[in-house]
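Here the structure is laid out as structure tokens; the discussion comes afterwards.
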Amino acid sequence: MGFYVNLSRNIPLIVGSVKAIVIAVPVMSVVPGLVWLERRLMGRFQVRLGPNRVGPFGFGQPMADTIKLLFKESIIQSSADKFLFHLAPAVVVFTAIVAFAVIPFGAPFEVFGQNIELWGANVNSGILFVFAISGMGIYGMVLPGCLQIISIH
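Per my numbering, residue 957 is the first one in the sequence shown, and the count goes up by one each step.
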């Protein structure tokens, strides 16, 4: 009996965790395919052989890029704030995922007597929220440049 009482108290936490995973996984799993498609199209437009010929259908190019990035030296000025410099890409990814939180992905249903709505956040002005969060993504792109400029002066 105690297990079911604890389970019913923790249902909002469990549902919230599942919602976060259901929102984040599709968004993050589409990214490699879009990067591959963009690289392939840009290779064709610019008449470059690399992205179209590395492995079958150009699937080897992302692996080559990953290996290159793993061994690439990180160049950060000694006076720059390293934590904020490394935080910038996380800001971009976070804003991209959070923007999808207000998009409903199904009809509400009931589990253990609790109504479960299939969206991350119930915001009345959802489109305004999407625009606001998407606009904050620019901070992640500008932050490293500002840190370097500030550290020069």
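Note that beta-carbon positions come from the ideal geometry of N, C-alpha and C, so glycine has one too.
Inter-residue Cα distance where the pair is Val986 and Trp992
Against the sequence shown, residue 986 aligns to sequence position 30. Against the sequence shown, residue 992 aligns to sequence position 36. So the alpha carbons of these two residues sit roughly 10 Å apart.
Within 7 Å, strictly: CB atoms of Val1058 and Ala1046:
The residue given as residue 1058 occupies position 102 in the sequence shown. The residue given as residue 1046 occupies position 90 in the sequence shown. No, Cβ-Cβ distance for Val1058 and Ala1046 is not below 7 Å.
On a Cα-Cα basis, can you pick out the residue from Val974, Val1098 and Asn966 that is closest to Leu1040?
Numbered from 1 along the sequence shown, position 84 holds the residue referred to as residue 1040. Among Val974, Val1098 and Asn966, the Cα nearest to that of Leu1040 belongs to Val1098.
Measure the CB-CB distance between Phe1065 and Ile1072 and report whether it falls below 7 Å.
Position 109 of the sequence shown, counted from the first residue, corresponds to residue 1065. Position 116 of the sequence shown, counted from the first residue, corresponds to residue 1072. Contact flag set, yes.
What separation, rounded to the nearest whole angstrom, lies between the Cα atoms of Pro988 and Ile970?
Here the question's residue 988 lines up with position 32 in the sequence shown. Here the question's residue 970 lines up with position 14 in the sequence shown. CA-CA distance, Pro988 to Ile970, rounds to 28 Å.
Based on the DSSP output, what are the partners of Val1067 in its beta bridges?
Within the sequence shown, numbered from 1, the residue matching residue 1067 stands at position 111. Gln1070.
What do you get for Val983, buried or exposed, if any count of 16 or more other CB atoms within 10 angstroms of its CB means buried?
Sequence index remark: in the sequence shown, residue 983 carries index 27 (1-based). Exposed, since its Cβ has fewer than 16 Cβ neighbours within 10 Å.
Which ranges does the beta strand (DSSP E) cover as unbroken runs of at least 3 residues, wholly within the segment 1029-1095, from first to last along the chain?
1065-1067 and 1070-1072
Keeping to the same chain, check which residues put their C-beta closer than 6 Å to that of Ala1044; ignore five residues upstream and five downstream.
Reading the sequence shown from its first residue, position 88 is the one you call residue 1044. Counting only Cβ-Cβ distances below 6 Å, and skipping sequence neighbours, we find Gly1096, Leu1099 and Pro1100.
Could you work out which residue in Gln1070, Leu1074, Val1067 and Phe1056 is closest to Ile1089 when comparing CA atoms only?
To locate residue 1089, count along the sequence shown from 1; it is residue 133. Selection Gln1070, Leu1074, Val1067 and Phe1056 evaluated against Ile1089 yields Phe1056 as nearest (Cα-Cα).
Which of helix, strand or coil DSSP assigns to Val1010:
Your numbering for residue 1010 matches position 54 in the sequence shown. Coil.
For a quick check, are the C-beta atoms of Thr1051 and Gly1082 less than 7 Å apart?
Indexing the sequence shown from 1 puts residue 1051 at position 95. Indexing the sequence shown from 1 puts residue 1082 at position 126. In this structure, Gly1082 does not lie closer than 7 Å to Thr1051 by Cβ.
Do you know how far the Cα of Gly1091 is from the Cα of Ala1063?
Within the sequence shown, the letter at position 107 stands for residue 1063. Within the sequence shown, the letter at position 135 stands for residue 1091. Looking at the two C-alpha atoms, the distance is approximately 29 Å.
Where do the N-terminal and C-terminal ends of the alpha helix (DSSP H) with Gln1002 fall, by residue?
Looking up residue 1002 in the sequence shown gives position 46. Counting along the chain, Gln1002 falls outside any alpha helix (DSSP H), and DSSP gives it neither H nor E.
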